[in-house]
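Here is the structure we will look at, set down as structure tokens.
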Amino acid sequence: MVAHLLLLLYQHHPIITIFLVLILASASYGKDDNKDFRDCEKHFNCGVLSNLSYPFWGGDRPEVCGHKGFKLKCEKGQLPIIPSDTLEFRLFRLDQPSRLMTLRLVNSQDYICPSHTLPNSSTESDIHVFGYDLKLKNLNLLYNCTVSSSSSSSTLEQNRISSSYSYCSEYSGSSFYGGDDILESSSGLNRTQCSIWFKIPIPVESFRRLNGDTPDLEQVLGEEFSVSYKYDEGPSICDGCMASKGICGTNLTDPKREFLCLCRDHPYSLVCKGNNDVMNVGRKVRMALGASLGTVIIMSIAFFFWYRHKKRQYVSFVSRSIESVPSSKANMEKRGSYNGVHLFSYDELEEATNNFDETRELGDGGFGTVYYGKLPDGREVAVKRLHRHEINLSNMAINKIQSNALNELVDPSLGFESDYAARKMISAVAELAFQCLQSARELRPSMEKVVEILKDIQSRDYTAEKAEETDIPSDDVVLLKSGPMPLDCTLSL
951 MVAHLLLLLY QHHPIITIFL VLILASASYG KDDNKDFRDC EKHFNCGVLS NLSYPFWGGD
1011 RPEVCGHKGF KLKCEKGQLP IIPSDTLEFR LFRLDQPSRL MTLRLVNSQD YICPSHTLPN
1071 SSTESDIHVF GYDLKLKNLN LLYNCTVSSS SSSSTLEQNR ISSSYSYCSE YSGSSFYGGD
1131 DILESSSGLN RTQCSIWFKI PIPVESFRRL NGDTPDLEQV LGEEFSVSYK YDEGPSICDG
1191 CMASKGICGT NLTDPKREFL CLCRDHPYSL VCKGNNDVMN VGRKVRMALG ASLGTVIIMS
1251 IAFFFWYRHK KRQYVSFVSR SIESVPSSKA NMEKRGSYNG VHLFSYDELE EATNNFDETR
1311 ELGDGGFGTV YYGKLPDGRE VAVKRLHRHE INLSNMAINK IQSNALNELV DPSLGFESDY
1371 AARKMISAVA ELAFQCLQSA RELRPSMEKV VEILKDIQSR DYTAEKAEET DIPSDDVVLL
1431 KSGPMPLDCT LSL
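Its first residue numbered 951, the sequence shown is counted upward by one per residue in my numbering.
What follows is the structure in structure tokens.
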């Protein structure tokens, strides 16, 4: 509705419309000055998980709304993925109030004696940003290591992966697995001595199941595990920001991507300054009043022009209805044809009849004088000229009845001139019609009365009455009101 009114206003006064729309847009935009605040205020969906918020971001949610280590890869109909520089974890479940999530390593089989990994490659998880606790432990997988017998420790030997292990048949050198302590106890073992090195976090319980020279790496690496995550130190900085009516975010201008509190006016390092509800109450009231006033002004002006437009449409419709009679000069000049039939202008007919010369009169019809005319192309025509007051048929009927000129209204074939009974019946109907055409409602008979009178007219025996011409008494006429006449009888209530 509003859009229709604005469009209507624009068609008549485009400059005023544009000016008012700009005022309203400015008032609406001023609701929150900080764009980042508006972008991060709403939660987002990622894959099959919904209603996510800080510290997570990704998909259509900008980085400023999240934490640097909590980016999500979103795929339609799939569980989100938490990517890192080297490892990816599938996010199965998430409990944001408790800050708990359930993860599983993506493509875990690729880390078991991989044949496609380039030599001297090293992969280490940076999932430490989640701040997982003692329930997790790093699993080191070392392949094709060169270790001298003198530097090999008993711990290292106990964690050797046998070359007969089905996954590692392609490796000719020594391969090992173990926790971070395997590096501390083996002084002769370092990254440069192994062609491939993986460090992957796994649950402590799963770690205990690894033993012997044929550990079940496939099952251990493919298990889900739960982890508690945190994204700031000490008392939650984010909680403090939210308590000040702010939204937690990240400072993208800082290389370290430090925390940033997004507020309605502009961002702050930790919390929004002061109480926004108190400090900005005047500003909010002004914006609300401005937006409301702008809306009222636009709606009022739009309604005014809409009302004028409708009024003009009505006046135009009434004018077209009045001028639709073919004898209307103005209407004739506007239209050249109607449903394929050529319509002549008043000037054309005036020229064809020599300005309606009396010598060209052919006779008087029931509705006007008929003239002989000749068109410029040689065609001969008969032109009936109606006087302006005769265009309204109800007025014309009243005039004919008052003038005792029923013969001009009645088809001669009905026997009005020759048949006494027909003349009496027609005169009675004309008298009833005269009453029905009165403009004042109280002077018109009800439909029940009309039916009763018509039945009485039909049942009379006119042949038994004395033959005489019947005229409508003039005394009866003068008692009725004059003025614009309706076209039909209406029900009197």
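Ideal Cβ placement from N, Cα and C applies to all residues, glycine included.
- Bounds of the beta strand (DSSP E) holding Val-1177 are 1175-1178.
- Beta-bridge pairing by DSSP links Tyr-1093 to Ile-1146.
- About 6 Å separates the CB atoms of Phe-1157 and Leu-1089; that is less than 8 Å, so the two are in contact.
- Excluding five sequence positions before and after Val-1379, the CB atoms of its chain that fall closer than 7 Å to its own CB belong to Ile-1407, given in chain order.
- One thing to note: Tyr-1127 has its Cβ within 9 Å of the Cβ of Leu-1092.
- Between the stretch 1051-1059 and the stretch 1161-1177 there are three or more C-beta pairs closer than 8 Å, enough to call the two in contact.
- Between the alpha carbons of Ser-1377 and Ala-1302 lies a distance of about 39 Å.
- Just measuring C-alpha positions, the residue of Lys-1021, Arg-1391 and Gln-1046 sitting nearest Asp-1189 is Gln-1046.
- Per DSSP, Asp-1045 is not a residue of any alpha helix (DSSP H); the beta strand (DSSP E) it occupies stretches across 1038-1045.
- Here Val-998 is exposed: its Cβ has fewer than 16 other Cβ atoms, across all protein chains shown, within 10 Å.
- The beta carbon of Val-1320 is closer than 6 Å to those of Leu-1312, Gly-1313, Ala-1332 and Lys-1334 in its chain, skipping five residues each way along the sequence.
- Boundaries of the alpha helix (DSSP H) harbouring Lys-1405: 1397-1409, taken from the DSSP string.
- A residue is called buried once 16 or more other Cβ atoms fall within 10 Å of its Cβ, and Ile-1247, having fewer, is exposed.
- Relative to the Cα of Ile-1197, the nearest Cα in the group Cys-1222, Asn-995, Pro-1165 and Gly-1008 belongs to Cys-1222.
- Pairing Val-1014 with Tyr-1218, the inter-Cα distance amounts to about 13 Å.
- Of the candidates Ile-1187, Lys-1206, Thr-1203 and Leu-1212, Leu-1212 places its Cα closest to the Cα of Lys-1195.
- In the three-state reduction of the DSSP assignment, Lys-1350 falls in the helix class.
- In the structure shown, the three-state DSSP call for Ala-1355 is coil.
- Secondary-structure assignment with DSSP links Leu-1050 through a beta bridge to Asp-1045 and Ser-1178.
- In the structure shown, Leu-1055 adopts extended strand secondary structure according to DSSP, grouped into three states.
- Around the beta-carbon of Asp-1010, fewer than 16 other beta-carbon atoms lie within 10 Å, marking it exposed.
- By the Cβ rule, the stretch 1345-1365 counts as touching the stretch 1380-1387, because three or more pairs are nearer than 8 Å.
- The three-state secondary structure of Cys-1188, taken from DSSP, is helix.
- By the Cβ neighbour-count rule, Gly-1328 is exposed, with fewer than 16 other Cβ atoms within 10 Å of its own.
- Rounded to whole angstroms, Tyr-1181 and Arg-1207 show a C-alpha spacing of 12 Å.
- Under the three-state reduction of DSSP output, Ser-1000 falls in the strand class.
- Membership of Ser-1377 in the alpha helix (DSSP H) is indicated by the continuous run 1370-1386.
- Here the C-alpha atom of Ser-1176 lies approximately 19 Å from the C-alpha atom of Ser-1000.
- Here the alpha carbons of Arg-1054 and Leu-1037 stand approximately 11 Å from one another.
- Per the coordinates, the alpha-carbon of Tyr-1322 lies some 8 Å from the alpha-carbon of Glu-1330.
- Distance from the CA of Ser-1003 to the CA of Arg-988, rounded to the nearest whole angstrom, comes to 13 Å.
- Counting the other CB atoms within 10 Å of its CB gives His-1017 a total of 16 or more, which places it among the buried residues.
- DSSP places Arg-1329 in the coil class of the three-state scheme, outside both helix and strand.
- Glu-1208 sits in coil when the DSSP states are folded into three classes, being neither helix nor strand.
- Pairing Ser-1409 with Ala-1372, the inter-Cα distance amounts to about 13 Å.
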